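In this note's numbering, the protein residues as written are 1 to 191. Even glycine gets a Cβ: it sits at the ideal position worked out from N, Cα and C. Treat the numbers as computed from the prediction; the structure is a model and nothing was measured. Step one of this worksheet: look at the structure below.
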Amino acid sequence: MNEVEIGQSKIVFLKGDITKQQVDSIVNAANSSLMGGGGVDGAIHRAGWPAILEECKKIVAKQGRLPTGQAVITTGGKLLAKYVIHTVGPIYKSIRESDDQNWMIRGSENQREQLRSCYIKSLELAAEKGVKSIAFPSISTGAYRYPLSEAALIAVQAVKDFLKQETSIKDVYFVLFNDAAYEAYVEAVRH
Ligand code: ADP
């Protein structure tokens, strides 16, 4: 199943390159500097250059580095998407946690909240602009090493929760770059 309906909206899972998507807005897994970097961040800046970087520089000059879990919106520059929403995912650091019976190795509550916040804040910014469609990459699961299965559950739950309210956003795409990521997200939506 690569599609699920939530109220008046739907979540769609695709394999592909987020810079090629014909949607109103795409989300960038940025870093706090907002100056571009590797992975999806580099790909988005290259495809939208130079307007995206120019707006990012203005944002940083005004409000400083972007904290983890927060989001800002810029033009899409030369991209097909009108807007790019830049958000900073947490850098994964595992901890041992006990639920009285089992020890588990996973992200801390704080990191889970920060990752969830990336999705919620991005959706809020998109909705403020009245966008109908938004595409997300798998935030934090590349250079920031968040385990895919855990990140996918947090991402899908955040989007599902957001779509329970009245919103302009009708289509939410997860654009996954490889088979492992695609399978993790399709699995997460079964929960
Ligand atoms: P982070 O620093 O948040 O971990 P990365 O860019 O390193 O961000 O990785 C996030 C995810 O984006 C990874 O799953 C990676 O495979 C994926 N990715 C990289 N390039 C693209 C792209 N062009 N489109 C969609 N996803 C991409």
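Just checking my contact of residue i with residue j at CB under 8 Å: how many whole Å lie between their CB atoms?
i      : j     : result
Ile26  : Val84 : 6 Å
Val175 : Gly16 : 5 Å
Ile169 : Val23 : Rounded, the Cβ-Cβ distance is 11 Å, inconsistent with contact.
Val40  : Ala29 : 5 Å
Leaving out five residues before and five after residue i in sequence, what residues of the same chain have Cβ atoms less than 6 Å from its Cβ?
i      : result
Thr68  : Val88, Pro90 and Gln114
Val200 : The first residue shown for the chain is 1 and the last is 191, placing residue 200 beyond what the model contains.
Roughly how many angstroms separate the alpha carbons of residue i and residue j, rounded to a whole number?
i      : j      : result
Asn178 : Gln165 : 31 Å
Ile11  : Pro50  : 31 Å
Leu80  : Tyr92  : 31 Å
Lys78  : Ile52  : 9 Å
Ser32  : Glu55  : 14 Å
Leu125 : Val72  : 7 Å
Lys129 : Thr75  : 12 Å
Keeping to the same chain, check which residues put their C-beta closer than 8 Å to that of residue i; ignore five residues upstream and five downstream.
i      : result
Asn189 : At residue 189 the sequence reads Val, which differs from the Asn that was named. The answer, listed in chain order, is Met1, Val4, Ile11, Phe13 and Val156.
With DSSP as the reference, label residue i as helix, strand or coil.
i      : result
Lys15  : strand
Ala135 : strand
Tyr119 : helix
Leu79  : coil
Ser94  : strand
Tyr173 : strand
His191 : coil
Taking 7 Å as the limit between beta carbons, can you name the residues of its chain near residue i, skipping five residues before and five after?
i      : result
Ala181 : Ser138, Thr141 and Leu148
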